[in-house]
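Per numbering that gives the first Met the number 0, the sequence shown starts with residue 0, numbered consecutively.
For each residue, glycine too, the CB sits at the ideal point set by N, CA and C.
Since this is a predicted model, take the numbers as computed values, not measurements.
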Amino acid sequence: MEPTGKPFVSTALDANLALTRADVEIPEYERVLLETVAEHFGVRQLAERMLKELHHPLRNPRVVAQELRELTGGMLHYYEGSERRDACMLRLEAIFAELYRDLEDEAEIQGLARTHMQFLERLAGSPYREAYSATLQEGIGALDEVCARHPSALLVHGGLVRRLAGKLGNETPAGVRAAALYGRLCGEAVADWGRILERSIPGVTWGEAPLGDMKTFGEFRATVERARAQATSGVDPVEQLELPSPQELLNAFFATVDTVPSLIDRVTILVNLLGEPEFQYRSREVLRRLYFALQQLCASGDSHEVSRAVDLITGCLKADDQREKQWLFEGITRLGEEIARRGDFQLVEHFIDRFIATGFEPPGIRGTTEEWEVEVNPYHLTCLRTWLAVIRSDPRRFERLLSALAIQLHFQGVFVNDTDLFQRDVSQLLNGGVAESFSLVLQLVRHLPVFFSAVGSEGELREVSTRLDQISYRQDTVIHFLRKQAHAESNSRLVEFCRAVYAWWRTGDASRLDPFIPESLRRSLSPDDPWFRGAHEALAGLERTLGLTEADLDTLPPEAFAEGLQALGGVDPVHRERALLLVRLHRLLKAKYDYDPAETLEALESSNLVPHEHRRAFEAAVTGGDHLEILHHGHTLLEDLKAVVTDPKKTEPFENLYYKRHIAVGIPSVYGTYHEPKFDALGLMLRLMRFLTTHLEACIAEFPSGFMTRDTLLRAAALMHEILRALRVAGLRVKNLSEQVGLLHEVLDWGNLTVGQYLNLLEMISEALGSSVEVNFIAPHERNLDRILPDLL
């Protein structure tokens, strides 16, 4: 979708900028890095930017690491040309050490370690090397600490450590210490090779016993044994530089794996390797090799071997090995794609059966941290994305997986944050070609609370939540927590969180809040808190005078709430406003996450996905109030939208997203807008369907229940026609029902049937309707329900 041309206005961006514009004072001890390059504007500017980020109260260590890499790379010579070079290098080294303490992600530590060693290697080869002796010793010491805390982060750089030790030489303390560090890394690398081989290679027994059928690995075993003996012999650290590096050992092992003649044996080895912690730093490489082996196996292997691969990977997933689950999900995605491409019906069915048998990772929500983060099963989102990725490779072929996933989500639920940008996954599914499986796709996506374009807390949602918190001077701890979570980690649970707050204010029972707030906050709540008492007086007064309860949150117009509150005597205006703001916040969240029909007309007005004349006709029908007319024009819009969703032409998303740093470490915040034509059309369909359901129910309620006349039959036929349109839009198979309703239209045109014949025809329509229910709602799920429900009960 093309951008609208309107500037993006973000209150979240404004609020974030106000916080991040904080003045940062660079400490005196850091100024040597600025003063030394004062005459070089570009270098000084970069150094100043890095130091301000380093000392910012909400610093982003990733940004500092990126700028440090630039400064210690092509710009380092500006510092080397100064008389204060030794002081500058010591400060740069200190920044490396500080960043190591900040970073937790292994990949980021690996990247920083690489930059660090390149920096130290450059100093080791400098003509001013003597001046840098303290810096070099500090640097090797910092790497020693990294090795102690994150050994796998340095294993990938074993070759760099050896090269650095060689440049430093065995005559310097730093060189000897670097050689010892290399020896430690080699010791780490070879220590567990026996266990790794026995676990990953069928038939291998370590030690003196033979290697079974896998004699290919005999030479590699001998290499590892020699390296192990040398690493543990207590020889001089400098002599350990002759040891093969961890990368060299791993490369030799991969080369040996590539010579295994049987593809299924190769797949078995690589799958087993995914769970080994020693391989985590090169797990992507293992995965690439696994992908290639699976591709070869599916393209040229026989069905029996492919079935073995399916059994192997799904069996590992079912075994619930937490170490390798993340990688196995990626492996099963690729396997499913290759099997779909192969097109073997029996193999597809076997894959589906085994995949369903692995089960589903439920959200497993355990509560909320004091930093507003929802504690959730870490594999839930990965599992959900894996299912969708397999399905989108061939939705028609994997219809049973569509059904199984819809069942799992119905019974176990789903949890995604705005920051997960799950809209992308839905767009990819819709662009996989869903026309033939549209009914099941529709049943699935109804469970996904992601059909909104405004990511994060934006616009009125941010303004209302902020006002609700500020009006109590942030002293209402529950409201402050609600606001911070809405801004930091927006998700669909906020709808129920708002309802729980409303129930607490109305009744004084705080138990409904338990799933949404941390235990420490729950213990601090008191009925004597003045902010609670004021809100309780307002909402309890509404219930007492007007009979308003929590159910009215969804239906009563805001004006009615306002009038009821205004009529209450003795309630502080501040608490009246707080009650109104909470009601409005709930409505905004419900409209965003729950397909609230109240926003349908506004959503249609801003959409360019339906013809202008169809939209105007629908709006006129809504204004006129005839429910059947509303259905007629509403179904026309649904047909327009469905044509967009099922169009085989692929469409591209338009993202206008911003990422912000957040004081709560580890919670990434993102806000902005996401648009993609198929995604937007389906979201609008879901809202419009909810809107039209109300009018369909009204048509049925208004239908005369007395004597049957020609006029009532004509109105019944017209209503059935609109119901059929709705069923076809939903992708249901209703050929028999369509024929029977069509026959009713024809006989009404003739007008010469007896009452008994009309009754017979209506009975045939009833039977056709029952058959449609069987075909569309029972048959697609019956087999999966028999398989899945016993595990859930």
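Check: Note down, in chain order, each residue of its chain lying with its Cβ closer than 7 Å to the Cβ of residue 763, except the 5 sequence neighbours on either side.; Outcome: 739
Check: Whole angstroms are fine: how far does the CA of residue 351 sit from the CA of residue 308?; Outcome: 13 Å
Check: From the DSSP output, in three-state form, read off residue 510 for me.; Outcome: helix
Check: Using only alpha-carbon positions, find the residue among 356, 595, 632, 702 that is nearest to residue 611.; Outcome: 632
Check: Relative to the C-alpha of residue 173, which residue among 129, 147, 634 is closest?; Outcome: 129
Check: In whole angstroms, give me the CA-to-CA distance for residue 573 and residue 483.; Outcome: 21 Å
Check: When DSSP builds the beta bridges, which residues end up paired with residue 453?; Outcome: 672
Check: What ranges does the alpha helix (DSSP H) occupy inside the region 140 to 195, keeping only unbroken runs of at least 4 residues that lie completely in it?; Outcome: 150 to 154, 157 to 167, 172 to 190
Check: Per DSSP, which residues does residue 655 bridge with? Please list them.; Outcome: 672
Check: Am I right that residue 417 and residue 455 are in contact with their C-beta atoms under 8 Å? What's the rounded C-beta distance?; Outcome: 5 Å
Check: With a cut-off of 8 Å on the beta carbons, I'd call residue 293 and residue 334 a contact; round off their distance for me.; Outcome: 5 Å
Check: Taking buried to mean at least 16 other C-beta atoms within 10 Å of its own C-beta, is residue 157 buried or exposed?; Outcome: buried
Check: In angstroms, rounded to a whole number, what distance separates the CA positions of residue 348 and residue 711?; Outcome: 49 Å
Check: Note the first and the last residue of the continuous alpha helix (DSSP H) segment covering residue 49.; Outcome: 40 to 53
Check: So for residue 490, helix, strand or coil by DSSP?; Outcome: strand
Check: What three-state label does DSSP hand residue 416 in the structure shown?; Outcome: strand
Check: With contact counted as at least three CB pairs below 8 Å, one residue from each stretch, are the region 538 to 554 and the region 430 to 446 in contact?; Outcome: no
Check: Tell me which residues share the same chain as residue 362 and place their Cβ nearer than 8 Å to its Cβ, disregarding the 5 neighbours each side in the sequence.; Outcome: 375, 376, 379, 411, 412, 413, 414
Check: Going by alpha carbons, who is nearest to residue 337 out of 382, 391, 367?; Outcome: 391
Check: Starting from residue 639, follow the alpha helix (DSSP H) in both directions and report where the run begins and ends.; Outcome: 626 to 645
Check: The alpha helix (DSSP H) that contains residue 304, what's its start and end?; Outcome: 302 to 317
Check: Thinking C-beta only, is residue 33 closer than 7 Å to residue 48?; Outcome: no
Check: Take the Cβ of residue 682 as the centre, count every other Cβ of all protein chains shown within 10 Å, and call the residue buried at 16 or more, exposed below.; Outcome: buried
Check: Grab me the residues of residue 587's own chain with a C-beta within less than 7 Å of its C-beta, minus the 5 sequence neighbours each way, in chain order.; Outcome: 459, 460, 463
Check: From residue 476 to residue 358, what does the alpha carbon distance come to, in whole angstroms?; Outcome: 39 Å
Check: Once DSSP output is grouped into helix, strand and coil, what is the label at residue 80?; Outcome: coil
Check: For a test of the three-state rule: what should DSSP assign to residue 373, helix, strand or coil?; Outcome: strand
Check: Quick one: give me the first and last residue of the alpha helix (DSSP H) that residue 591 is part of.; Outcome: 572 to 592
Check: Just mark residue 499 as buried or exposed, buried being the case when its beta carbon has 16 or more other beta carbons within 10 Å.; Outcome: buried
Check: Pop quiz: residue 45 and residue 74 are said to be a contact at Cβ under 8 Å. What is the actual Cβ separation, rounded to whole angstroms?; Outcome: 7 Å
Check: Using the Cβ count rule (16 or more neighbours within 10 Å means buried), how would you classify residue 211?; Outcome: Because residue 211 sits at a pLDDT of 41, beneath the cut-off of 50, its placement in the model cannot be relied upon, and the following sentence gives the value as read from the coordinates. Under this definition residue 211 is an exposed residue.
Check: Going by the beta-carbon positions, is the gap between residue 102 and residue 56 smaller than 7 Å?; Outcome: no
Check: In or out: residue 310 buried (at least 16 other Cβ within 10 Å) or exposed?; Outcome: exposed
Check: Do the region 599 to 616 and the region 695 to 711 make contact, defined as three or more Cβ pairs closer than 8 Å?; Outcome: no
Check: So who's on the other strand from residue 366, going by DSSP bridges?; Outcome: 374
Check: Is the CB-CB distance between residue 381 and residue 328 below 7 Å?; Outcome: yes
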